[in-house]
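Respectively, the protein sequence lines represent chains G and Y.
Position one of the first sequence corresponds to residue 47 (our numbering), numbered consecutively onward.
Position one of the second sequence corresponds to residue 782 (our numbering), numbered consecutively onward.
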Amino acid sequence: MLRLAEWKDAQTTDDADKSDEVRSTSQLASTPPQPSSQVAGVPTPASLRWLSQQRLQQDLTELGVTAPELELQFPDLSDISRFIVTLSPAEGWYKGLCFRFAFTVLETYPFEPPLVRCLDAVWHPNLDEHGAVCLSILREDWRPVYTLVSLVQGLLHLLLEPNPNDALNAAAAEMLVQDPAAFQARVHQQVRERQYHFENAAPP
Amino acid sequence: MHASSAHSAPELLAHADDAGPAALAPEALTRCTTDVRMKHAKSNLQILVVGAGAIGCEALRALALCGFRNLVVLDRDTVAESNLNRQTLYSSADVGASKALRAAQAIKERFPGCTIRGYWASAEQMPVAFYRAFDVIVSGVDTVEARRWLNTVVFHVVRPVTSPNCAVQSKYLPVLIDGGLEGLAGQVRTIRPYETPCIECILDLFPDEAGRQPLCTIAGTPLRPEHCIHYAQAVLWPARDDQAVRSIDPENPEHLEWIYTRAQERAAAFGIEGVTTALVKAVLHRSVPALATTSAVTGAACALAVTRLVWGGSHAQCPWTSFHGSDGLYIDSIFIERRLSCPVCGPGSAVAISVSKNMLVKELIELLERHPVLHCRSPTIVWDYRPVYMSVPQSLKAATSPNLERPLSDIFISDSHPKVPDQVVLSVTDTDTRTCKTLHLFLT
Ligand SMILES: [Zn+2]
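This is how it looks when you write it as structure tokens:
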């Protein structure tokens, strides 16, 4: 068994650069020591960032294997923690529309859910004009066992079956319950506006 | 799921002080009697207590009462007035002083034969080598993040037991004893590396401490000042124009001020009172109420877990003790199995390979497929969040396929890493099993 007094001698060379700092803390310093000078940002196995990266890699692999047709875009190819998922429901109120969801996977993933924002806001009880998404597994019902696949399924479900009982946009929820025809008309009008907007925005 | 000791530890990077036969034969343990072993343990066992809060204070006192003579305590906080009701080593004269230093002093005064040192530092500030010195690490930290960090450090410095006279009944050291509490419930987990599940194996079993609220409630009908703060945190913060800073740092005064101002505005709009900077801090820090009785029982149970390691027997086989104060006094031990796919302690979770700088990425992939421990089927490789090669999803396959024909010396260069490193740490996923391994690649 190694005694505390001996541990400094037993350090391997890769720790030699830190030994000065260690000595100063062992003398019961009156102020907290400065953080050790590890290479900033590079994940090492002894970090949550590392575990988060591994889990994200596993999840992306799972997503690629289970949903090969899903459209995933990576705006920055040096960082897999930010990506855009495009979902287009095959039926329901939003049939034929494309929705882009921007995912940001934090270094605390999977303990914290990814941040998800909708880039194509539309008249929807569970989406607001800022792009906020009201989906329980993104917030209070998130569990570390859930994966990106669970989230993509949840988002698709939200587009197929908007939930007026759990409303973020209360006016949309009320309209969906009181006057479904007006709700559909409003969605269709937004779709036309958006297409018009796209046509105008297209380069000449 | 597999819990027996038949699974050997992953191929660890050799450290000078780790050399020697890997495991201790079971008959060697019975060679010396329990009494002799306990006596040896009391005077030799090096015990680190991380966190001198509610659990830490009780654990230190109980360990000293048990007769353990070599203790070290680590905490970055100072004593606050509100700690005094349950952190029993401090008095009102200690307010403002370092917890670790005061706790060490208090133990020294009451137990003259005890060697105890206090370090005024956070666990993350200590170099990893510091943790090599200990046989047992008792953790009384208050977040899951801090637990996971400590867990990975333990597996970073883990060493096989080589002496047949070792007092601790574990095949690998250090043993991590993790105490946790929430309200009236307390838990103590004993992590004997590669024998019992580690924190990462059982991550799914932790309660959701984040205190996330349904977004719809806080967006539609805020009732309490906390709802306004959650709204500012969850809705307004991600919608800011400045996207450079992603997550909120509760220690950053500018972030606090930003959240406080937005929460105030929202509270005023809904006629809610009580948004204060202290509340903003508490919400962002997700403070959980603590009770003196729970921490006393949990701290003592941590010390009991240390003595169980020495006694051995059937108790040592039940690595999880839970305490439920709400149903009367009820203590139970349960057995939980390790998770084979655990990225920290799963078999083959860390492997070291030495290759030439000129090796092509596709050659590395062939090597990983043939490797006796890894044998990954069509592996995906990531380096510091950069995809080196990913065969799925489609968009990443298209983007990384050109890398297959490039040499490694070409890949591990970027703006932040201008020189080819001697060593890189990669994570490798098997697309069939989706297990993830850590690969230490030495470039020659
Ligand atoms: Zn594990």
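Ideal placement from N, C-alpha and C gives every residue a C-beta, glycine not left out.
Helix, strand or coil for residue i, going by three-state DSSP, please let me know.
i       : result
Y/D985  : helix
G/L116  : coil
Y/T1216 : coil
Y/I1115 : strand
G/E207  : coil
G/R163  : strand
Y/D959  : strand
Y/G967  : strand
Y/H1221 : strand
Y/L805  : The predicted position of Y/L805 is uncertain, since its pLDDT is 38 and thus under 50; a value taken from the coordinates is nonetheless stated next. Coil.
Y/I972  : strand
Y/S1208 : strand
G/S98   : helix
G/Q235  : helix
Y/S1195 : coil
Y/V1091 : helix
G/A56   : Confidence at G/A56 is low in this model, with a pLDDT of 33, below 50, so the placement of that residue should be treated as unreliable; the coordinate-derived value is given next. Note: G/A56 maps to coil in three-state DSSP.
Y/Y1012 : helix
Flag this pair as yes or no: are the beta carbons of residue i and residue j separated by less than 8 Å?
i       : j       : result
Y/D921  : Y/G834  : First, the residue type needs correcting, since residue 921 of chain Y is Gly and not Asp in the sequence shown. Yes, the Cβ-Cβ distance between Y/G921 and Y/G834 is below 8 Å.
Y/A914  : Y/Q827  : yes
Y/T869  : Y/C838  : yes
G/G177  : G/L194  : no
Y/V938  : Y/Y912  : yes
Y/K1200 : Y/V1209 : no
Y/V1245 : Y/L1220 : No information on residue 1245 of chain Y is available, as it lies outside the stretch 782 to 1225 that chain Y covers here.
Y/T1212 : Y/S1159 : yes
G/P171  : G/L214  : yes
Y/V1078 : Y/G967  : yes
Y/A1073 : Y/R842  : no
Y/P955  : Y/D916  : yes
G/L161  : G/L181  : no
Y/Q1014 : Y/I1053 : no
Y/E926  : Y/S951  : no
Y/A910  : Y/W930  : no
Y/L846  : Y/I888  : no
Y/V934  : Y/I1010 : no
Y/L986  : Y/V919  : no
G/Q103  : Y/T1181 : no
Y/K820  : Y/F849  : no
Y/I836  : Y/G960  : yes
Y/A840  : Y/G1080 : yes
Y/G832  : Y/D856  : yes
Y/F1104 : Y/I1112 : yes
Y/R891  : Y/V860  : no
Quick one: what's residue i bridged to in DSSP?
i       : result
Y/P941  : Y/Y953
Y/Y900  : Y/L855
Y/V831  : Y/L855 and Y/S920
Y/Y1170 : Y/I1162
G/A148  : G/I130 and G/R163
Y/F1104 : Y/G967 and Y/I1112
Y/P978  : DSSP lists no partner for Y/P978.
Y/A1133 : Y/H1221
Y/P1188 : Y/L1141
Y/V925  : Paired residue(s): none; Y/V925 is not in a bridge.
G/L173  : G/V179
Y/S1028 : DSSP, once it has assigned bridges, lists no residue as partnering Y/S1028.
Y/S879  : Y/T859
Is the closest heavy atom of ligand 1 to the C-beta of residue i under 7 Å?
i       : result
Y/V1125 : yes
Y/C982  : yes
Y/P978  : yes
Y/R913  : no
Y/R929  : no
Y/R1120 : yes
Does ligand 2 have even one heavy atom less than 7 Å from the beta-carbon of residue i?
i      : result
Y/L841 : Absence of ligand 2 from the depicted structure is noted, with ligand 1 being the only ligands included.
With a threshold of 8 Å, are at least 3 pairs of Cβ atoms found where one atom belongs to the region 1079–1091 of chain Y and the other to the region 938–947 of chain Y? no
I want to know whether the region 974–985 of chain Y touches the region 1117–1130 of chain Y - three or more CB-CB distances under 8 Å. yes
Using 8 Å as the threshold, is the region 122–132 of chain G in touch with the region 144–155 of chain G, meaning 3 or more CB pairs across them? yes
Counting pairs of Cβ atoms below 8 Å between the region 107–119 of chain G and the region 1181–1193 of chain Y, do you hit three or more? Counting C-beta pairs with one atom in each stretch, the region 107–119 of chain G and the region 1181–1193 of chain Y have fewer than three that are closer than 8 Å, which means they do not touch.
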